[in-house]
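Below is one structure, written out as structure tokens; comments come after it.
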Amino acid sequence: MKRLAVLQKPPRKDQASSDQGSMVVEAALVLPMFMFFIIFLIYIVQMTLISTALQSTVSDTVKTVAAHMYPVSLAVQGNSVGGGAGESGSPSTSHWEIPKLSLADWASNYSDSLPSPVNEWIVQAVASGEEPLQQLKNQTVEAVLDPVVKPMLKPFMPDRLLDYDRIHVSNVHIPNLRSGESPYFGIEVNYALPIRVPFLNKRIVLQAKAQERLWIGDTGEGGGDSGNGDGSETSGGIELLEKPNPAVASKQAKVKVKVEPGTSAQLSVYYKSGQSTAKYLGWETADENGYIDWEWNVGFNTTPGTWLFVVETADGQRMEVPFTVVARSG
């Protein structure tokens, strides 16, 4: 019995202290990892909110500029034909006339009701007869683009989510108002997040891009297309051989063109939500026969309707083709 009593003695104090010490060590190892995981989740949510706000800001800015570009187009075209209706003795052949006012007087009166900097563009177009936006084509440095384009973004920017100083304009797509070719205005911006990648100390940069067709009526940009009698279409040096007819949501779509052998060409697809980011779109190089194929998956949630795809070569040739998207049956 004495031996049994010896075996059943309670644990000593030093053993209890050892057990408590091991729990403290485990908590010290697990707690930082748990806190890091929670902070990471919070950061992901914040980054998603910033990305959504940035895309919304760029999209609203592009839509506003596109909606107010028609007076600028009238000013450019008015100067290109020799002045306004009030400055010329011959009757205007345009479907829209400016009665009893010169082009300069009309611009000075009308531009006050337009948002900045569109009102300034009208005055510049009337004064010089040139497109003020064309001056940005060869100035892609952020230091040049930021002072011109960033003020357009500010009215649409939510101050609680975005920091104005962290937004930088990286690219601008400029329309050609004089010839009517490529009547699209687009902006691409970068946003540097305030937190860097842990352990790597690298910046995280979000990108947002939006492009909208100008509200300037039919410019005839698709008028250069002509049939070849075999169902194909041509525009400049681009010959369209195959397109979706129609494209079906959640299924593959295919575009095939013929260009000069070895030429690089880009396919861009535009839906209601904007430019598609599907895989297998973008730049491809023609084979020895000049053929290029693109095949991509039309998203399940793509809105049915008539949308646009654009084929553009490295030397500036461009073809815009409408195509139809239908919902998947069954």
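Read left to right, the sequence shown gives residues 1 to 330 (the UniProt record's numbering).
Heads up, the beta-carbon is just placed ideally off N, CA and C, and yes, glycines get one too.
Owing to the predicted nature of the structure, the values given are computational and were not obtained by experimental measurement.
CB of residue i within 9 Å of CB of residue j, strictly
i: Phe309; j: Phe323; result: yes
i: Val259; j: Glu239; result: yes
i: Tyr184; j: Arg203; result: no
i: His168; j: Asn201; result: no
i: Leu162; j: Ile50; result: yes
i: Leu267; j: Val248; result: no
i: Lys251; j: Arg166; result: no
i: Tyr43; j: Ile216; result: no
i: Thr52; j: Phe156; result: no
i: Met152; j: Val30; result: no
Rounded C-alpha distance that separates residue i from residue j
i: Ala28; j: Ile39; result: 17 Å
i: Thr48; j: Ala210; result: 18 Å
i: Arg196; j: Glu295; result: 37 Å
i: Asn289; j: Lys63; result: 41 Å
i: Gly84; j: His173; result: Confidence at Gly84 is low in this model, with a pLDDT of 42, below 50, so its placement is unreliable and no value can be given for it.
i: Ser170; j: Thr303; result: 30 Å
i: Met33; j: Trp307; result: 48 Å
i: residue 367; j: Val321; result: Nothing about residue 367 can be reported from this structure: the residues present for the chain run from 1 to 330 only.
i: Pro147; j: Ser182; result: 25 Å
i: Leu41; j: Pro198; result: 14 Å
i: Lys243; j: Gly237; result: 17 Å
i: Pro246; j: Ala253; result: 9 Å
i: Glu26; j: Leu281; result: 51 Å
i: Val311; j: Pro175; result: 16 Å
Of the listed residues the options, nearest to residue i (C-alpha basis)
i: Gly274; options: Glu188, Ile167, Ile50; result: Glu188
i: Lys154; options: Lys279, Val298, Thr57; result: Thr57
i: Thr313; options: Ala66, Ser250, Tyr280, Gly262; result: Gly262
i: Val298; options: Asp315, Lys279, Pro194, Phe34; result: Lys279
i: Met319; options: Leu241, Ser51, Val248, Val172; result: Leu241
i: residue 403; options: Asp60, Leu54, Lys243; result: Residue 403 is absent from the structure shown; the chain starts at 1 and stops at 330.
i: Lys150; options: Thr302, Tyr164, Met33, Glu26; result: Tyr164
Same chain, Cβ closer than 8 Å to residue i, neighbours up to 5 away in sequence not counted
i: Gly305; result: Lys272, Thr324, Val325
i: Val141; result: At Val141 the pLDDT is 49, less than 50, meaning the model places this residue with poor confidence; the figure from the coordinates comes in the next sentence. Nothing meets the Cβ criterion.
i: Pro194; result: Asp163, Arg166
i: Gln207; result: Ser170, Glu188, Val189, Asn190, Tyr191
i: Val205; result: Asn190, Tyr191, Ala192, Leu193
Own chain partners of residue i with C-beta closer than 6 Å, once the 5 adjacent residues on each side are dropped
i: Ile292; result: Val257, Ala265, Glu284, Ala286
i: Ser276; result: Val269
i: Ala67; result: Trp215
i: Gly186; result: His173, Gln211
i: Trp96; result: For Trp96, the predicted structure reports a pLDDT of 36, less than 50, and the residue's modelled location is therefore unreliable. A value from the coordinates is still provided. So no residue of the chain qualifies.
i: Ser59; result: Ala210
Other residues of its chain near residue i: CB distance less than 7 Å, five sequence neighbours each side excluded
i: Gly316; result: none
i: Asp159; result: none
i: Gln46; result: none
i: Met35; result: none
Minimum Cβ-Cβ distance from residue i to chain B less than 9 Å
i: Leu308; result: Looking for chain B here will not work: only one protein chain is present.
Report the start-end ranges of each beta strand (DSSP E) in the region 244 to 309 that is 3 residues or longer and not cut off at the edges.
252 to 258, 264 to 271, 282 to 285, 291 to 297
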